[in-house]
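Okay, structure first, notes after.
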Amino acid sequence: MKSINQLLEDYLESLNRREYFNGAILVSYQDRIIHCKGYGIANHQLNIKNTGETRFRIGSITKAFIAMAILQLEQSGLIDLEETLDSYIEDMIEGHKITIHHLLSHSSGIQDFASDINYWPARMRLFTTLEDTINEFKNKPLNFDPGTEFRYSNTEYAILAYIIEKISGITYEKYIEDNILKPLGMESTGFDDGRKIIKNLSSGYTIWKEIINPEFVDMTNAKGAYDMYSNVKDLYLWSKALNTEKLVSKNQLGKMFNMYNNVCGYGWFLDKDIINDMQRNKFYHLGDVNGYVNYFCRYIEDDLTIIVLSNFNLTPVEQISKNIAAIILGEDITISQSCSVIRVDNRTLNKYIGSYLINGKDNKIDIISDQDNVFITIAKRYGVLYMYELLPINIEDSKIEFISKFIEDRVVIEITSKHQFKLTHIDPYGKITHATKLM
Numbered sequence: 001m002k003s004i005n006q007l008l009e010d011y012l013e014s015l016n017r018r019e020y021f022n023g024a025i026l027v028s029y030q031d032r033i034i035h036c037k038g039y040g041i042a043n044h045q046l047n048i049k050n051t052g053e054t055r056f057r058i059g060s061i062t063k064a065f066i067a068m069a070i071l072q073l074e075q076s077g078l079i080d081l082e083e084t085l086d087s088y089i090e091d092m093i094e095g096h097k098i099t100i101h102h103l104l105s106h107s108s109g110i111q112d113f114a115s116d117i118n119y120w121p122a123r124m125r126l127f128t129t130l131e132d133t134i135n136e137f138k139n140k141p142l143n144f145d146p147g148t149e150f151r152y153s154n155t156e157y158a159i160l161a162y163i164i165e166k167i168s169g170i171t172y173e174k175y176i177e178d179n180i181l182k183p184l185g186m187e188s189t190g191f192d193d194g195r196k197i198i199k200n201l202s203s204g205y206t207i208w209k210e211i212i213n214p215e216f217v218d219m220t221n222a223k224g225a226y227d228m229y230s231n232v233k234d235l236y237l238w239s240k241a242l243n244t245e246k247l248v249s250k251n252q253l254g255k256m257f258n259m260y261n262n263v264c265g266y267g268w269f270l271d272k273d274i275i276n277d278m279q280r281n282k283f284y285h286l287g288d289v290n291g292y293v294n295y296f297c298r299y300i301e302d303d304l305t306i307i308v309l310s311n312f313n314l315t316p317v318e319q320i321s322k323n324i325a326a327i328i329l330g331e332d333i334t335i336s337q338s339c340s341v342i343r344v345d346n347r348t349l350n351k352y353i354g355s356y357l358i359n360g361k362d363n364k365i366d367i368i369s370d371q372d373n374v375f376i377t378i379a380k381r382y383g384v385l386y387m388y389e390l391l392p393i394n395i396e397d398s399k400i401e402f403i404s405k406f407i408e409d410r411v412v413i414e415i416t417s418k419h420q421f422k423l424t425h426i427d428p429y430g431k432i433t434h435a436t437k438l439m
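Using full-length UniProt numbering, read the sequence shown as starting at 1 and increasing by one per residue.
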């Protein structure tokens, strides 16, 4: 019978062998690191490989550090979580109703700058200060009355970073460096404004037919919300500190990991997984930005920490983390093996080329032929369209089956007795989408 370590190695190597994971993974169980390794390519131009030391932009995992800084300031008596925003920002709409707690728990109603209609076409490419963000959004109507609902907003954490600066008299970056990173020995963690050279930082990638660079993002937009970089080893130091009183008291940690709005704590989300027939409480956060996607997950009662950092933005980091947890906690999972790609003549392939309308929706999936290769165009995270190659692995009289490159998708197209073409798409999370070819 294989050990947990061998099962884990088999699973991750199966992803690596099929080029379905690009990044680094650290797993700690019962206060011991049992896996720490890099996979795939950190920089395609220079053909540099990822290692356990490679740094990644960690996106919204940043928010937990901002939350910790606020809790430290509260512990020092410099701020009250029930204090209202008008103490720090003049003319803030409904500022007398919005508390620091509302900002920390995504319940202020303040609009999210990253969801604004101008963010993608313009704002994300421009140099931005915290003051710019605040001035742009302080007079916009709230999504709801403060404290009545939950809605994720990056603007809230930009405001919190601004408040850290107002109270401490130094930049929020320096405050976090001096009061969190240095005390924990997190020497591979810092802040990325997109201008300074960060040694051993991987490059982020996306896909359109092939692996490509993502659209440019000026990282000053991310200030306070998703502008940090780190590596798996440093984030493990951070995770361990959250089990101690090195940074704040047990009481303050309780506030960070309490559940508000039945959704989140301060800088963390709270949820439950059923693994090996047992309910497991977990604290987690996704972090994605500009070609990177990451997942930091802590199963507190099981003393299990899983850190998955990837520099390819379609990596199913949540599912990989969940599969790792299942292996560690004794649940059987199916480890997919490599499939042999078959050759199919163009005449046969061309029957399946076309647009497929997703059942019950207005969206479609396109199957395209280009220079003897087959590609799929489909909406993924946030509804963004991606195009990537399909590889045929099985064909019968009225059915063809594909796997995809770089992403663990499967596509099956069947011709029914009524001569309809029915497409079934299965993504890495097991989500099944059905579509019918437009004739």
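All C-beta atoms, glycine included, are put in the ideal place defined by N, C-alpha and C. Note that the structure is predicted; figures quoted are calculated from it, not measured.
Name the one or two DSSP bridge partners that residue 370 has.
Residue 370 pairs with 373.
Under a Cβ-count criterion, where at least 16 other Cβ atoms within 10 Å of its own Cβ denotes burial, should residue 268 be classed as buried or exposed?
It counts as buried.
Assuming contact is defined by CB atoms lying nearer than 8 Å, are residue 354 and residue 437 in contact in what I supplied?
Residue 437 sits close to residue 354, with the two beta carbons spaced by under 8 Å.
Let's test the definition: count the other Cβ atoms within 10 Å of the Cβ of residue 45 and tell me whether it reaches 16, buried, or not, exposed.
Residue 45 counts as exposed, since fewer than 16 other beta carbons sit within 10 angstroms of its beta carbon.
Go ahead and label residue 122 buried or exposed: buried means 16 or more other beta carbons lie within 10 angstroms of its beta carbon, across all protein chains shown.
Counting Cβ neighbours within 10 Å, residue 122 comes out exposed, since fewer than 16 surround it.
Note down, one range per segment and in chain order, each beta strand (DSSP E) of at least 3 residues found wholly within the segment 216-283.
When DSSP assignments are scanned along the segment 216-283, the uninterrupted stretches of beta strand (DSSP E) that are 3 or more residues long and fall wholly within it turn out to be 228-230, 269-275.
Please return the same chain residues whose Cβ sits closer than 7 Å to the Cβ of residue 350, not counting the five positions on each side in sequence.
Here residue 350 has 369 as same chain residues with Cβ atoms under 7 Å from its own Cβ, once five neighbours each way along the sequence are excluded.
CA-to-CA distance, residue 207 to residue 247, given in whole angstroms
Residue 247 and residue 207 have their C-alpha atoms roughly 40 Å apart.
Using alpha carbons as the reference points, say which of 214, 314, 52 lies closest to residue 380.
Closest option to residue 380, Cα to Cα, is 314.
Taking 8 Å as the cut-off, does the segment 48-67 touch the segment 217-232 (at least 3 CB pairs, one atom from each stretch)?
Segments in contact, yes.
Start and end residues, alpha helix (DSSP H) containing residue 390
No alpha helix (DSSP H) holds residue 390; the beta strand (DSSP E) holding it covers 385-396.
Based on Cα-Cα distance, which residue from 140, 103, 95 lies nearest to residue 116?
That would be 140, whose Cα lies nearest to the Cα of residue 116.
Given residue 373 as reference, the closest of 72, 158, 22, 346 once Cα atoms are compared
Ranked by Cα distance from residue 373, the options 72, 158, 22, 346 are led by 346.
Could you work out which residue in 26, 394, 377, 396 is closest to residue 388 when comparing CA atoms only?
Of the candidates 26, 394, 377, 396, the residue whose Cα lies closest to the Cα of residue 388 is 377.
Return the bridge partner residues of residue 165 from the DSSP annotation.
As computed with DSSP, residue 165 is found in no beta bridge at all.
CA-to-CA distance, residue 272 to residue 325, given in whole angstroms:
Pairing residue 325 with residue 272, the inter-Cα distance amounts to about 12 Å.
Quick test of your reading: residue 23 and residue 40, contact by CB under 8 Å. State the CB separation rounded to the nearest angstrom.
Rounded, the Cβ-Cβ distance is 7 Å, consistent with contact.
On the criterion of 16 or more Cβ atoms from any shown chain inside 10 Å, does residue 183 qualify as buried, or is it exposed?
Around the CB of residue 183, fewer than 16 other CB atoms lie within 10 Å, so the residue is classed as exposed.
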